[in-house]
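Worksheet: one structure, shown below.
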Amino acid sequence: MIRVRLSTFFALATELEGRFGAGVDSPWTDADFEALALAAFAIQFESIEAYRLFCLGRGRTPKTVRSWQDVPPVPATAFKHFDFAVGSGNLSPEMTFRTSGTTRGATVRGRHLVPRASLYRKSLLPPFERHVLGGRVRMPFLSLVPAPAERPDSSLSFMIGAAAEAYATETSWLIDAQGALDIVGWRRAAERSALDHLPVVVLATSLALLHLVESLEADPGPPLPDGSRMMETGGFKGSGREIERGELHARASAATGVPSHRVVGEYGMTELLSQLYEPVLTEGGDAAGEYVSPPWMRVRALDPMTLAGLPDGHEGVLAFFDLANAGSVCHVLTEDVGSVSDGRVRLSGRARGAEPRGCSLAMDELLSAARAAGTDPA
Amino acid sequence: MTTPTQVADVAHRLRESRAALAQRPALDVIEALGAAGQRFLDASDPIRLEALAGLPESSGLSPAMCVTVLDGMAADWTTERLQTLVAAELGGADVLDGFVARGGRQTMALGPALAVQFVAGGVPGVGVTALLRSLVVKGPTLLKPGRGDLLLPTLYARALAAIDPALAESLAVIYWPGGSVEHENAALAHADLVTVYGSDTTVRALRARVAPSTRLVEYHHRVSVGVVGRVALSHDHLDRTAADVAAAVAMYDQRGCVSPQAIFVEEGGSASPVEFADRLARALADLEVRLPTGRLDLHQASELQQARSTAELLTATGGGLVRHGHAAAWTVVMVEGPSASTPPAGRFVRVTPIADVEELTAQLAPLGAHLQTVGVAGLGARVERIAKALGESGASRVVPFGAVAFPPAWWHHDGRGPLLDLVRWVDLER
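Those protein sequence lines, which keep their order, are chains A and B.
For the first sequence, position 7 (counting from the first letter as 1) is numbered 6 according to numbering that gives the first Met the number 0, and the numbering increases by one without interruption.
For the second sequence, position 132 (counting from the first letter as 1) is numbered 131 according to numbering that gives the first Met the number 0, and the numbering increases by one without interruption.
Written as structure tokens, this is what we have:
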């Protein structure tokens, strides 16, 4: 049984890798997507016990589900409790990525087991090429994301590493696993790039970018040459820092010389192997704030209480069906709030001043603090 | 918005108002304070009507819940209740006016010259209770309420100004966004007493900036729970027990420090913990009709959905139960082992089976000093022994579920004397 399921998975993965490799412009009809999505669901249902029981509880099985929208989405926080991996126990994962664990109840980190890393590699390159590089070009990478060797459990580090392998003429890794910025290395790389008039791509988390900007505001360096661009990702969760994204981009632009319409926002998470990007390089600065998914990923905004689908433009919680997740679970319900119009996502910030639960601290925080002595969520 | 300089001016004026306040008989002050409080209870009083009109929007609670919360809170704001509070804490109001014989000595209780109070915004009414505690001991007070509890103190200040303008000179309610250090410091500079209600983080941040000579009264994070013993699970009692527990959970949409977050249910009764959890869910569903849950914003609803769906996965694999109101924000969860995280809003209660209530103390040990109220049912003769053990492990209040939500005015709030914390004793020896 297991053997049959695994071979089905490998066949699907191989087909998907071929489709991903054809690029973001390759044709994906709704019927194509549907067929592959239902095939992935059937494998995941059969092969992941926790997911199967969850689906049965909702009365959804591969026999009753007619459309990918009806496939039960797994809540992102469940990655703290379960290993959702196809063939668990019979197929050792090639990669294990851990979530940053910065949400409430910070002591428990989630993890995403990836049985087949090539699915991830093949899916991440075409959108990166389109949205971060703006085409098939090679250039130097200045990475404010730790190198994969430094952070083997980071899906973001893996992604930048894979992209660097494919597209970088050379890569400067300018931050270590502890988040210490190599500002001397930055200045050296920026000066050389300015002297050679060689555009670069800067890759940064929001927090690392803020550190860089503050260093450069105190002690400016040469502007990066025309044609340089920047990818910025992630928020400030857990860092105690928070600035408006627009302000960060404006200051980053002033400090590095990369015009703000060439700063590309990336939206991704450990639980989803595909990424969304702001298409500013291909469509211009007006597209800022809209995130585009690759054709093998579909996104909807759902009513947070009933999980009913919402019309275009209505705010709800974001649910993604990502075929790059074929090795784990494809349909993931995130905590993030936003709207979807014509398949493009707009994220909504948290309203300021929302009062949390009175003077009572969440029970789990207290209890998890009490038993924090290194219990593994898995 | 008020500037830090304005805050400093107000603090200065409040401090100056103390001289006049000190001259007034305490009973006279309590009379006026109670008369203003009474206005929140009188059905046709414009102050009450304005409170009920504004509370749903400002607190996020449903209109029906706002009525219940206001009635429950304002019951403690009357002259009679304030007198009872003073009697319970200080033995009578006379000790606030001059030296009296107490315990074989001559002594007098003085309120603060200026109490600056920082109150959380989760439960409307807490701010008024806080300002009353200071004024009752003739201490001028500057109240900085949380955003969700701005309306009632503001209305109270207006009601008091109409009844007793001179007394109202000793009260100011000023809002600024939480954490504004400039505003806080402007107020702190004039305070000789500071009270703070809030998260451990809020309390810690303030503690560092309060002068050593200034008294700091802290109400940090608290968690409350409940315990249901076998007797309350008999077929005669089950529905009643479930209804009482549901009411305790639902009040303030579970935002109160007294609100139980988890219910420990004894095994071996005629109803099992799972059956109890199911009844509790039904009782919460019934309450949704009478006292609906307030609105959740999308982010709160999203976190609730994560908790519900994750609990669904945990119970699908490990047994237990999840019941929820779909569009209505109540949820009952019973899962083994590490549990789904508690969402920030809505009514969300866990049921945990225990073999014997005697084990409760050990289960609650990790909560330590954060444990506050323990609601109880069906403990029979065991209640005193268990209450003692709970007290030793951190609890400050053991109470039937029906009385969980509204502690009496004279309760030992977090195990202390709310007025005793505010006064300074002056002894006269001859």
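Every residue gets a Cβ at the ideal spot worked out from N, C-alpha and C, and that includes glycine.
Every value quoted in this text rests on a predicted model; they were computed, and no experiment measured them.
Shown here, R281(B) sits in a helix according to DSSP, grouped into three states. Note that the segment 255-269 of chain B does not touch the segment 266-274 of chain A; fewer than 3 beta-carbon pairs, one per stretch, sit closer than 8 Å.
Across the structure, G288(A) and R345(A) are spaced so that their CA atoms are roughly 6 Å apart.
Across the set F81(A), M94(A), G86(A) and L124(A), the C-alpha of F81(A) shows the shortest separation from the C-alpha of V107(A). A251(A) and Q253(B) have their C-alpha atoms spaced approximately 43 Å apart.
In this structure D148(B) touches V122(B) by the C-beta definition: roughly 7 Å separates them, less than 8 Å. Contact annotation, G233(A) with T204(A): C-beta distance approximately 5 Å; criterion of less than 8 Å satisfied. Sequence-ordered contacts of the segment 305-324 of chain A with chain B read T305, L306, E314, G315 and V316 [C-beta pairs closer than 8 Å].
Within a 10 Å sphere around the beta-carbon of M94(A) sit 16 or more other beta-carbons, which makes this residue buried. Around the CB of M296(A), 16 or more other CB atoms lie within 10 Å, so the residue is classed as buried.
Within a 10 Å sphere around the beta-carbon of R80(B) sit 16 or more other beta-carbons, which makes this residue buried. In the three-state reduction of the DSSP assignment, L149(B) falls in the coil class, being assigned neither a helical nor a strand state. Looking at the DSSP output, T194(B) sits in a beta bridge with Q116(B) and V216(B). Close CB contacts of A38(A) within its chain, under the 6 Å cut and outside five residues either way in sequence, are with L11 (chain order).
Its Cα nearest to that of E391(B), the residue T360(B) stands out among L421(B), R381(B) and T360(B). Against chain B, a Cβ distance below 8 Å from A49(A) picks out L312, A315 and T316. One thing to note: E282(A) has its Cβ no nearer than 8 Å to the Cβ of M230(A). What Q304(B) touches in chain A, judged by beta-carbon distance under 8 Å, is P74, P303, M304, L306, V316 and L332, going in chain order.
Contact fails between the segment 175-195 of chain A and the segment 118-130 of chain A, because fewer than three Cβ pairs, one in each stretch, are under 8 Å apart. The segment 84-96 of chain B and the segment 413-425 of chain B touch, with three or more beta-carbon pairs separated by less than 8 Å. Per DSSP, A249(A) is one residue of the alpha helix (DSSP H) stretching across R244 to T255. For V403(B), the closest alpha carbon among the candidates V248(B), Y218(B) and E217(B) is that of V248(B).
Taking the Cα positions, G36(B) is about 24 Å away from D413(B).
Three or more Cβ pairs drawn from the segment 154-173 of chain B and the segment 23-34 of chain B lie within less than 8 Å of each other, which places the two stretches in contact. Close partners of A300(B) in chain A (Cβ separation under 8 Å): P303, M304 and V316. Using a CB distance cut-off of 8 Å, A10(B) does not count as an interface residue toward chain A.
For the 8 Å CB-CB criterion, A318(A) and P126(A) do not form a contact. When only Cα atoms are considered, A344(B) and L60(B) end up about 11 Å apart. Taking 4 residues as the shortest admissible run, the segment 69-102 of chain B contains the following complete alpha helix (DSSP H) segments, listed from N- to C-terminal end: 78-89.
Each of S46(A), P26(A), E334(A) and A161(A) was checked against the Cα of E302(B), and the nearest Cα belongs to E334(A). Membership of L359(B) in any beta strand (DSSP E) is not indicated; the residue belongs instead to the alpha helix (DSSP H) covering L359 to L363. The C-beta distance from L141(A) to S171(A) rounds to 5 Å, short enough to meet the 8 Å contact threshold. Interface flag for A77(A) against chain B is set, since a Cβ pair is found closer than 8 Å. The Cβ of L112(A) sits no closer than 8 Å to any Cβ of chain B.
With its beta carbon less than 8 Å from one in chain A, A326(B) belongs to the interface. Chain A has no Cβ within less than 8 Å of the Cβ of S16(B).
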